[in-house]
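Heads up: the structure comes next, in C-alpha cells.
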Amino acid sequence: MKQGRILNSVIALLVVLFLVSCSDSDPKLMPLDHDAVILAFGDSLTFGSGANPKTQSYPAVLQQLTKLDVINSGIPGEISRDGLDRLPDVLEQVKPDLVILCHGGNDLIRKLGTGQLKDNLEQMIALIQTSGAQVVLIGVPQLGLTLTVPDLYEELSETYNIPIELEILPELESNPKVKSDHIHPNATGYKLFAQSINILLQQSEAITINNRTTQN
8 MKQGRILNSV
18 IALLVVLFLV
28 SCSDSDPKLM
38 PLDHDAVILA
48 FGDSLTFGSG
58 ANPKTQSYPA
68 VLQQLTKLDV
78 INSGIPGEIS
88 RDGLDRLPDV
98 LEQVKPDLVI
108 LCHGGNDLIR
118 KLGTGQLKDN
128 LEQMIALIQT
138 SGAQVVLIGV
148 PQLGLTLTVP
158 DLYEELSETY
168 NIPIELEILP
178 ELESNPKVKS
188 DHIHPNATGY
198 KLFAQSINIL
208 LQQSEAITIN
218 NRTTQN
C-alpha cells in the first residue's frame, strides 16, 4: 500500500511538471505599458456586427477589461486580400504596440482557398512585426457541422512563435444563445470573446495586474 501511494505521488508530480513545462513553452509577449495601444484588426467579427459596435464589440469590451486603448479596425465582409492591402495604412496611422489579428472568415465562407488565406495572413504578420508591434492570432473556424479551425492558423502560430486563441470562436459559433444570426455573436458572445482574449494576453504575459491598476 505504501509503495502504491508513493507511486501515485510520483505520477502526480510528473503530471504537474509536464503541465508546467507545456505552459512555459507557450509563446510569450513583452509586457505592455499602461499607455499601450492595441489594434483589433479584422472583419465583421472584429467590427461587432450583431451588436452595438461602439459598446458591445469585442474591442470595446476588451478596452474595459484591460484599461488600455483598443482601436477597432474591423471591416464587415472584408476578405484577407483586402485586409492585407489595408493593413499598412492602418499600422501607420495607429502605430499600435500590439495587434489582434482575426481574419479569414469571409475567405472560408466564399471558399477562396486556404493556401491564399495562409499567405495573406503570413504577410500581415510580417507587416505587423516589421512595424515593431507584437501580434496575437485568432483562429477562425470553417462553418459547418464540425466548426474546425483550419490547420493554417496553428501553423502560423508555430512558425512565428505568436500566441493564438483557437477555441473561443468555435464555441461561440456552436451556441445559438450567444449568436445574433448564423455567423455573428450577440452582445453576450462578444463579451465572452473579449474575455478569452484578455486571458490569452495575461497568459502570454502581455497584460499584468499592474496594467489594469495603474490608471485606476
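Going by our numbering, the first residue of the sequence shown is number 8, and it counts up by one from there.
We put the CB at the ideal spot given by N, CA and C, even for glycine.
(message) Please state whether the Cβ-Cβ distance between Glu85 and Gly49 is less than 9 Å.
(response) yes
(message) At the level of alpha carbons, what is the spacing between Phe54 and Gln149?
(response) 19 Å
(request) Give the straight-line distance between the Cα atoms of Gln10 and Glu165, rounded to the nearest whole angstrom. (result) Confidence in Gln10 is poor, its pLDDT being 44 and thus under 50, which makes the residue's placement unreliable; the coordinate value appears in the next sentence. Cα-Cα distance, rounded: 41 Å.
(message) Assuming Ala47 is part of the beta strand (DSSP E), what are its boundary residues?
(response) Ala47 -> beta strand (DSSP E) spans 44-49.
(request) Could you check the C-alpha separation between Gln71 and Val101 for me, to the nearest Å? (result) 19 Å
(message) Am I right that Lys184 and Leu159 are in contact with their C-beta atoms under 8 Å? What's the rounded C-beta distance?
(response) 29 Å between Cβ atoms; not a contact.
(message) Check whether the stretch 186-193 and the stretch 54-66 touch, using three or more Cβ-Cβ pairs below 8 Å as the test.
(response) yes
(request) Just tell me which of Thr62, Leu163, Leu152, Thr121 has its CA closest to the CA of Ile145. (result) Leu163
(message) On the criterion of 16 or more Cβ atoms from any shown chain inside 10 Å, does His110 qualify as buried, or is it exposed?
(response) With 16 or more other Cβ atoms within 10 Å, it is buried.
(request) Reducing DSSP to helix, strand and coil, say where Asn294 ends up. (result) There is no way to answer for residue 294, as the model of the chain reaches only from 8 to 223.
(request) Compare the beta carbon distance of Leu207 and Leu179 with 9 Å and say whether it is the shorter of the two. (result) Going by C-beta atoms, Leu207 is not nearer than 9 Å to Leu179.
(request) Would you list the residues sitting across from Gly224 in a DSSP beta bridge? (result) Outside the displayed range of the chain (8 to 223) lies residue 224, so it cannot be described from this structure.
(request) For Leu152, count neighbouring Cβ atoms within 10 angstroms of its own Cβ and tell me buried if that reaches 16, exposed if not. (result) exposed
(request) Go ahead and label Asp40 buried or exposed: buried means 16 or more other beta carbons lie within 10 angstroms of its beta carbon, across all protein chains shown. (result) exposed
(message) Checking the sheet assignment: what are the DSSP bridge partners for Gln63?
(response) Gln63 has no beta-bridge partner at all, per DSSP.
(request) Name the residue from Leu119, Met131, Gly139, Pro192 whose alpha carbon lies nearest to the alpha carbon of Leu36. (result) Gly139
(message) Tell me which residues share the same chain as Asn168 and place their Cβ nearer than 7 Å to its Cβ, disregarding the 5 neighbours each side in the sequence.
(response) Pro34
(message) Does Asn79 come out as helix, strand or coil in the three-state DSSP assignment?
(response) Strand, per DSSP.
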